[in-house]
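Chains as they are written, first to last, in the numbering used here: chain A, 129 to 399; chain B, 129 to 399.
Presented below is the structure to which this report refers.
Number of protein chains: 2
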Amino acid sequence: MSATRPVFFVSDHTGITAEVVGKSLLSRFSEHSFTVSSLPFTDDMEKVEHAARLIEAATRAHGQRALVISTLTDSRLRQRLVQTDCLLLDVFSLFLAQLESELGESATPALGQAHGLRDHGLYRARMEAVNFTLATDDGLAIERYDQADLILVGVSRSGKTPTSLYMAMQYGLKVANDPLTPEDLEQGTLPQRLDKYLVKLRGLTLLPERLAQIREERRPRSTYASLANCRQELHAAERMLRARGIPLIDSTQRSVEEIAARLKQSLGSAP
Amino acid sequence: MSATRPVFFVSDHTGITAEVVGKSLLSRFSEHSFTVSSLPFTDDMEKVEHAARLIEAATRAHGQRALVISTLTDSRLRQRLVQTDCLLLDVFSLFLAQLESELGESATPALGQAHGLRDHGLYRARMEAVNFTLATDDGLAIERYDQADLILVGVSRSGKTPTSLYMAMQYGLKVANDPLTPEDLEQGTLPQRLDKYLVKLRGLTLLPERLAQIREERRPRSTYASLANCRQELHAAERMLRARGIPLIDSTQRSVEEIAARLKQSLGSAP
Numbered sequence: 129m130s131a132t133r134p135v136f137f138v139s140d141h142t143g144i145t146a147e148v149v150g151k152s153l154l155s156r157f158s159e160h161s162f163t164v165s166s167l168p169f170t171d172d173m174e175k176v177e178h179a180a181r182l183i184e185a186a187t188r189a190h191g192q193r194a195l196v197i198s199t200l201t202d203s204r205l206r207q208r209l210v211q212t213d214c215l216l217l218d219v220f221s222l223f224l225a226q227l228e229s230e231l232g233e234s235a236t237p238a239l240g241q242a243h244g245l246r247d248h249g250l251y252r253a254r255m256e257a258v259n260f261t262l263a264t265d266d267g268l269a270i271e272r273y274d275q276a277d278l279i280l281v282g283v284s285r286s287g288k289t290p291t292s293l294y295m296a297m298q299y300g301l302k303v304a305n306d307p308l309t310p311e312d313l314e315q316g317t318l319p320q321r322l323d324k325y326l327v328k329l330r331g332l333t334l335l336p337e338r339l340a341q342i343r344e345e346r347r348p349r350s351t352y353a354s355l356a357n358c359r360q361e362l363h364a365a366e367r368m369l370r371a372r373g374i375p376l377i378d379s380t381q382r383s384v385e386e387i388a389a390r391l392k393q394s395l396g397s398a399p
Numbered sequence: 129m130s131a132t133r134p135v136f137f138v139s140d141h142t143g144i145t146a147e148v149v150g151k152s153l154l155s156r157f158s159e160h161s162f163t164v165s166s167l168p169f170t171d172d173m174e175k176v177e178h179a180a181r182l183i184e185a186a187t188r189a190h191g192q193r194a195l196v197i198s199t200l201t202d203s204r205l206r207q208r209l210v211q212t213d214c215l216l217l218d219v220f221s222l223f224l225a226q227l228e229s230e231l232g233e234s235a236t237p238a239l240g241q242a243h244g245l246r247d248h249g250l251y252r253a254r255m256e257a258v259n260f261t262l263a264t265d266d267g268l269a270i271e272r273y274d275q276a277d278l279i280l281v282g283v284s285r286s287g288k289t290p291t292s293l294y295m296a297m298q299y300g301l302k303v304a305n306d307p308l309t310p311e312d313l314e315q316g317t318l319p320q321r322l323d324k325y326l327v328k329l330r331g332l333t334l335l336p337e338r339l340a341q342i343r344e345e346r347r348p349r350s351t352y353a354s355l356a357n358c359r360q361e362l363h364a365a366e367r368m369l370r371a372r373g374i375p376l377i378d379s380t381q382r383s384v385e386e387i388a389a390r391l392k393q394s395l396g397s398a399p
């Protein structure tokens, strides 16, 4: 079973839902390899016909049925894919019917834009959060920390920036980040600039070996990137943060999504 | 039907898949309001018991069955929710069984981390893309444009930065962005710095009224934010970009996800 399976994500909108579900499902089948194509904005019969032709061509070319993960709101469009030679997994058909019956309301196709602008308030909050996070990145605007939902602290290259941006974009949280410099670490106590934001602080840490690897890419053969220096900085940072009871999260084996979800969870249960 | 329905997203990992599917489904029911809670990292029986208690408490408190959108890989954990008083929509149970039968392979629970680090290559590409996008934001590093997958151009506040960051984070694309300044617009022809990247350029535009509103928040009562100035800048920018055949996308009624998906699509079909 080593042949590559063709996979299509077909959606009448951005395709984000179909992609997220599809990738999540496929990640559970490690013995197969998949060739993935996205067909977003498939929102009329002509485009569905085109999608169906691509799908059937792939099925023929690979000698194996294509897998199609779809999120089509219009049942006529969905029906056209049902007639296509593929394994069709439509995220909406089953669940929408169950929800319609539970809620006693018909699903409205035209509103089917979870990634659109329907919820203007939340969307605006997310864009504002992204701007806030960019403006406060890497300790750029300490005077705005009082507006932050969360302030990430850690040594250089511990993953603060991508995590902050992801949380702003995904959750609409205003996440600042503040670097612990070698000078801060030498002091040994939490920098005064952070003192009054104690409940908002979360520390990012990682294994020294991994940090050295990341820094080596940035400044090869520097003291900055040396394992000894990374070890010393991380040790000092962890001790400093633990002394003040600041929660630490280890990013070595975690993706930015995992770190973000855990940090968000830590917010919810904050005192 | 104005009572608020309790909704839970229950996942054994980050909860991103459950949230995306759940929000996408709920956006189709406009007559109801929903109170949403996320329960990520529900990955052992104790945590599922806790989730079940929260769900049943919400059902009692609201006098209406809670809706639960779940992505639980372990069928024993899922089974516990089946016994809970709620409408359970589990994204995995049905689709995993269909895929197992189609692929002739059992789904592997332990790999169930679409948002983990399993695909190190892609993850690394995404983080590199975020770093690239930050380094080239707002025309900061023109000398790196040759490494870009895409270069967004447009007037100040046309949405270039959030769109670039989203595309980097979501798709792992290196997206630079370059501002068309009033001086550029006065020249009337595409700035020379962009000339050799023609196929990578995409223009962002929007309605003058919307741009004026956005700029007004930044610099109230300025010439910069005035409707007349916005109209003039946008007109000049659109004419300049059209003259060189650069595709334009209007962001007025579109979310960053929609713009990003369309831009990605335009890449795929580029000559």
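Yeah, the Cβ is synthetic: ideal placement off N, Cα and C, and Gly gets one too.
Bear in mind that the values here come from a model prediction, so they are computed numbers and not experimental data.
Helix, strand or coil: how does DSSP classify D266 (chain A) here? helix
For V303 (chain A), which residues does DSSP report across the bridge? Under DSSP, V303 (chain A) forms a beta bridge with A:L278.
Would you be able to state if there are at least three C-beta pairs under 8 Å between the region 374 to 394 of chain A and the region 188 to 195 of chain B? Counting C-beta pairs closer than 8 Å gives fewer than three between the region 188 to 195 of chain B and the region 374 to 394 of chain A, which falls short of the contact rule.
Give the DSSP-derived three-state secondary structure of G240 (chain B) in the structure shown. Legend: pLDDT at G240 (chain B) = 44, less than 50; position of this residue unreliable, value from coordinates given subsequently. Collapsing the DSSP output to three states places G240 (chain B) in coil.
What's the gap between the Cα of L362 (chain A) and the Cα of L334 (chain A)? 8 Å
Beta-carbon of M421 (chain A) versus every beta-carbon of chain B: anything under 9 Å? Outside the displayed range of chain A (129 to 399) lies residue 421 (chain A), so it cannot be described from this structure.
By DSSP, does G143 (chain B) sit in helix, in strand, or in coil? coil
Under 8 Å Cβ-Cβ, which residues of chain B neighbour G143 (chain A)? A389
Contact check, T236 (chain A) vs N305 (chain A), beta carbons under 9 Å: no
Give me, in chain order, the residues of the same chain whose beta-carbon lies closer than 6 Å to that of S139 (chain B); leave out the 5 immediate sequence neighbours on both sides. A146, P168, T199
Just to make sure I have the definition right: I need the residues of chain B whose C-beta is within less than 8 Å of the C-beta of V148 (chain A). Which are they? I144, T145, V148, V149, A242
Can you pull the chain A neighbours of P168 (chain B), defined as C-beta to C-beta under 7 Å? A389, Q393
Mind checking the region 354 to 388 of chain B against chain A and listing, in chain order, the residues whose C-beta falls within less than 8 Å of any C-beta there? Q381, R382, S383, V384, E385, E386, A388
Beta-ladder partner(s) of G331 (chain B), from DSSP: B:V281, B:L376
Starting from L222 (chain B), trace the alpha helix (DSSP H) in both directions and tell me its first and last residue. Where L222 (chain B) is concerned, the enclosing alpha helix (DSSP H) stretches over 219 to 231.
Step through the CB atoms of chain B and report whether any lies within less than 9 Å of the CB of P290 (chain A). yes
Is Q226 (chain A) close to chain B, meaning its C-beta is less than 9 Å from at least one C-beta of that chain? Judged by the 9 Å Cβ criterion, Q226 (chain A) is in contact with chain B.
Does the region 206 to 224 of chain B touch the region 171 to 183 of chain B, meaning 3 or more C-beta pairs lie closer than 8 Å? The region 171 to 183 of chain B vs the region 206 to 224 of chain B: in contact.
Quick one: list the residues of chain A neighbouring Y251 (chain B), beta-carbon separation under 9 Å, in chain order. S383, V384
Enclosing beta strand (DSSP E) for T163 (chain A) [first to last residue]: 161 to 167
Would you kindly check if the distance between the Cβ of M295 (chain B) and the Cβ of A257 (chain B) is under 9 Å? yes
Would you decide whether T249 (chain B) is buried or exposed? Buried here means 16 or more other CB atoms lie within 10 Å of its CB. Looking at the sequence itself, residue 249 (chain B) is Gly, so the reference to Thr does not match. That one is exposed.
Rounded distance between the beta-carbons of L227 (chain B) and F157 (chain A), thought under 8 Å: That belief holds up - the Cβ atoms of F157 (chain A) and L227 (chain B) are roughly 7 Å apart, short of 8 Å.
Alpha carbons only, please: which of B:T132, B:V219, B:V303 is nearest the one belonging to G331 (chain B)? When C-alpha distances from G331 (chain B) are compared across B:T132, B:V219, B:V303, the shortest belongs to B:V303.
Option nearest L376 (chain A) by Cα separation, candidates A:T351, A:K328, A:P290, A:D202: A:K328
So, using beta-carbon positions, are L369 (chain A) and D277 (chain A) closer together than 9 Å? no
Can you find a C-beta in chain B that's less than 9 Å from the C-beta of L280 (chain A)? Chain B, which has no Cβ nearer than 9 Å to the Cβ of L280 (chain A), makes this no.
Beta-carbon proximity list for Q275 (chain A), same chain, < 8 Å, skipping 5 on both sides: Excluding sequence neighbours, Q275 (chain A) sits near F260, K302.
Have a look at R338 (chain B) and R254 (chain A) and give me their C-alpha separation to the nearest angstrom. 18 Å
Just mark A131 (chain A) as buried or exposed, buried being the case when its beta carbon has 16 or more other beta carbons within 10 Å. Exposed: under 16 other Cβ atoms inside 10 Å.
If distances are taken between C-alpha atoms only, which option among A:D202, A:T201, A:T212 comes closest to F136 (chain A)? Of A:D202, A:T201, A:T212, the residue nearest in Cα terms is A:T212.
Outcome for G287 (chain B) when other beta-carbon atoms lying within 10 angstroms are tallied against a minimum of 16: buried
Could I get the ranges of all uninterrupted beta strand (DSSP E) runs contained in the region 172 to 215 of chain A, with 3 residues as the minimum, in chain order? 194 to 199
What are the partner residues of F137 (chain A), as DSSP defines its beta bridges? A:S166, A:I197
Given that a residue counts as buried once 16 or more other Cβ atoms are within 10 Å of its Cβ, and exposed if not, what is G240 (chain B)? Residue placement at G240 (chain B) is flagged as unreliable, the pLDDT there being 44, under the threshold of 50; a coordinate-derived value is accordingly withheld.
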